[in-house]
Amino acid sequence: MILHAVQQLETYGNAGVHVADAMNELMYAGDFPEKESLPIIHELLIKKWSYKARSWNVSVNEIDAKKIYEQVVKWKACDIVIVNHHPDLGLIVLNPKNPQHQEGLESLKKNELIVVYSGYQGKKESDALCETAVSKTIDALLGKKVTVPDPLLKGSFIYRKPKP
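So, in structure tokens, the structure goes:
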């Protein structure tokens, strides 16, 4: 089942659909093994697509999701995925470039575990720019004023609304 789910997500990724958007769409349709989400994310993002990742416990009381979205949506060089390990709801997979995921970002609570991933959807190996995207995403979540290098603003990783 994990292999099939990874292949499904990879197909979506090859079509330019963000992994969080694809996972959520498949879960809502009942076509995704929600209990297997974490191993699927690890298999696809870390093993197959070689994403950079960093875990972080939320250390602020309030997150300004709109401000984060307005910054991160401009970062077109690489893909960014935020995974919230919610104590009651389980795994919540977010696309910070998707305006509909702002509510998920706002619901992050102090001390909750999140993991920020960044990479190129298997198109090439993750590099220092992906590491910068991870660091800057965490800085944005902290409410810091974020300045990013120009190369992070250029590329093809933009939000594409999933087609029904």
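Take the sequence shown: its position 49, counted from the start at 1, is 52 in the working numbering, and no numbers get skipped. Using N, Cα and C, we set each Cβ at its ideal position, and we do this for glycine too.
Apply the 10 Å Cβ neighbour rule to A20 and answer buried if 16 or more other Cβ atoms are within range, or exposed otherwise.
To locate residue 20, count along the sequence shown from 1; it is residue 17. For clarity, residue 20 is Val in the given sequence; the question names Ala instead. Per the 10 Å Cβ criterion, buried.
So what's S53 in DSSP terms, helix, strand or just coil?
Counted from its first residue, the sequence shown places residue 53 at position 50. Correct three-state label for S53: coil.
My parser needs the alpha helix (DSSP H) runs of 4 or more residues fully inside the region 22–83; what are they?
22–31, 40–44, 68–75
Bridge partners for N87 per DSSP, in chain order?
Working through the sequence shown from its first residue, we reach residue 87 at position 84. BP columns for N87 point to I95, I117.
Counting Cβ pairs closer than 8 angstroms, one from the region 89–96 and one from the region 131–146, do we hit at least three?
no
Are there three or more Cβ pairs, one per stretch, closer than 8 angstroms when the region 32–44 is compared with the region 102–117?
no
Taking the CB atoms as reference points, tell me whether Q105 and A136 lie closer together than 9 angstroms.
Along the sequence shown, read from residue 1 onward, the residue named residue 105 stands at position 102. Along the sequence shown, read from residue 1 onward, the residue named residue 136 stands at position 133. No, they are not a contact pair.
Tell me whether T150 is buried or exposed, calling it buried when 16 or more other Cβ atoms sit within 10 Å of its Cβ.
Here the question's residue 150 lines up with position 147 in the sequence shown. T150 comes out exposed.
Expressed to the nearest angstrom, what Euclidean distance is found between the alpha-carbon atoms of I95 and G107?
Here residue 95 corresponds to residue number 92 of the sequence shown, with the count starting at 1. Here residue 107 corresponds to residue number 104 of the sequence shown, with the count starting at 1. Distance between the alpha carbons of I95 and G107: 8 angstroms.
Cross-strand partners of G146 (DSSP beta bridge)
Numbered from its first residue, the sequence shown carries residue 146 at position 143. Beta-bridge pairing links G146 to no other residue.
Within 9 angstroms, strictly: CB atoms of I5 and P42:
Here residue 5 refers to the residue found at position 2 of the sequence shown. Here residue 42 refers to the residue found at position 39 of the sequence shown. Contact: yes.
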